[in-house]
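The block underneath contains the structure these notes are about, expressed in structure tokens.
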Ligand code: GDP
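In our numbering, the protein residues as written are 3 to 420.
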């Protein structure tokens, strides 16, 4: 077999969680815009008409409603695959929400910069905590009158009990929100708008004097948080020795992955500000499939607990998490693959009902198009065409290596005693 298409360490499977109206859709759209743009470096014609962009956006609009959308973010010269899994908007603790949280490895929680944490976001946040989903936060709508980044962070601490720590300091506010200071690198970024009103951050020579104090104070708080996750870094900070940006990032990442730290970022999705920095943060701090513990399930015959590790060499295992109808290809069965590798044309077993399924056509639901894949590998989120016997919650596996990932709870039988 050829080498797998993607490296596990370069993949991020994330959900975007938000209270209705906080800006989940707008943030997702902007992520798809910016990722599409960077990935097509060299293909994008400079000065492309606004109309082209809008048509493209409308086409993408179709895929935003997809259960999962794959996009690529180029950071420091390297492409990362980001698979955005749609999280249900409703808040009841249903199997659907649970399944969705199980399928993603990390999440971005979007809050409104004026309202801060709202009641509905508390429920979603707690569900994510129950399922141990590491999260970073995006305080959106910083262009709105009354927006307050640090107050929004306080509401995360008060209402969510989150160890929420600012990773940025915004420069300007409301209509005049013009840049951010990255507290990890201590670089100030000036948002420069292009002709279409899309902004691109440009590094400044130094942090503007009026923001120097607040940046220094918030940097201290960030360093304190980082030090608590890394003894060596703590030692260096106490001894006032030098440490690298990479060391600081690694300590912060440890905190996020342990689910004990929530780094907070700021922006305005609507005004195209802060979204690229957020994408960098997804890559820097949220887990890749190999950072996540092995999945556990049960042997359908013996009931014994089995583990599957995120590796291409393990037996195949994947969870069906959504079934949708696509206007062009028909029924799509969305599968999160946890381990192993299965080629298109081969068969897998549905361990939940013992039926075989043929992987007739495997699709990667890319932001702009559907791509045919030769295989489905650990870490992938793919849509399978032509499945007959699988429903959401079912586990697909290699034949002879059955595992059931999701417990099936049967309704209690009604016993007629008459
Ligand atoms: P969702 O319900 O969380 O998906 O939220 P939407 O993305 O649909 O946004 C809800 C409303 O807020 C829409 O009218 C958006 O245009 C608006 N909105 C989203 N992001 C921003 C922002 O950054 N600033 C402002 N002022 N409005 C925003």
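For glycine and all other residues, C-beta sits at the position ideal for the given N, C-alpha and C.
The structure displayed is predicted, hence computed values, not measured ones.
- In this structure, 367 is the residue among 367, 36, 329 and 392 with its C-alpha nearest to the C-alpha of residue 87.
- Between the ligand GDP and residue 146, a heavy atom-to-CB distance of less than 7 Å is present.
- For residue 385, the closest C-alpha among the options 24, 326, 391 and 116 is that of 326.
- Contact between residue 110 and residue 284 holds, with the beta-carbon distance rounding to 7 Å and staying under 8 Å.
- When secondary structure is reduced to three states using DSSP, residue 109 falls in the strand class.
- Only exposed fits residue 194, as fewer than 16 other CB atoms lie within 10 angstroms of its CB.
- Rounded to the nearest angstrom, the Cβ distance from residue 113 to residue 144 is 11 Å, too far for a contact under 8 Å.
- Residue 140 and residue 358 have their C-alpha atoms some 43 Å from each other.
- Counting along the chain, residue 16 sits inside the beta strand (DSSP E) bounded by residues 13-20.
- Residue 400 is positioned such that its CB atom lies closer than 8 Å to that of residue 350.
- For residue 82, the closest of 124, 132 and 11 by C-alpha to C-alpha distance is 11.
- A direct Cα-Cα distance of roughly 27 Å separates residue 295 from residue 279.
- Here the segment 341-349 lies against the segment 360-379, with 3 or more beta-carbon pairs under 8 Å apart.
- Per DSSP, reduced to three states, the secondary structure at residue 120 is coil, with no helix or strand assignment.
- Relative to the ligand GDP, residue 270 has its C-beta within less than 7 Å of a heavy atom.
- Nearest to residue 257 by C-alpha distance, out of 150, 167, 129 and 116, is 167.
- Residue 37 is positioned such that its CB atom lies closer than 8 Å to that of residue 75.
- Counting other Cβ atoms within 10 Å of its Cβ, residue 28 reaches 16 or more and is therefore classed as buried.
- In the DSSP assignment, residue 357 is bridged to 352.
- The beta carbon of residue 221 sits closer than 7 Å to the beta carbons of 185 and 188 from its chain, once the five residues preceding and following it are set aside; these are given in chain order.
- Residue 213 carries a helical assignment under DSSP once its states are collapsed to helix, strand and coil.
- Between residue 161 and residue 119, the gap from beta carbon to beta carbon is short of 8 Å.
- Residue 259 carries a helical assignment under DSSP once its states are collapsed to helix, strand and coil.
- Taking 7 Å as the cut-off, one finds no heavy atom of the ligand GDP near enough to the beta carbon of residue 333.
- Counting every other CB atom within 10 Å of its CB across the protein chains shown gives residue 232 a total of 16 or more, marking it as buried.
- At the C-beta level, residue 14 and residue 288 come within 8 Å of one another.
- Contact between the segment 208-219 and the segment 263-271 is absent, with fewer than three C-beta pairs closer than 8 Å.
- Using a cutoff of 7 Å, the CB of residue 26 counts as near the ligand GDP, since one of the ligand's heavy atoms is closer than that.
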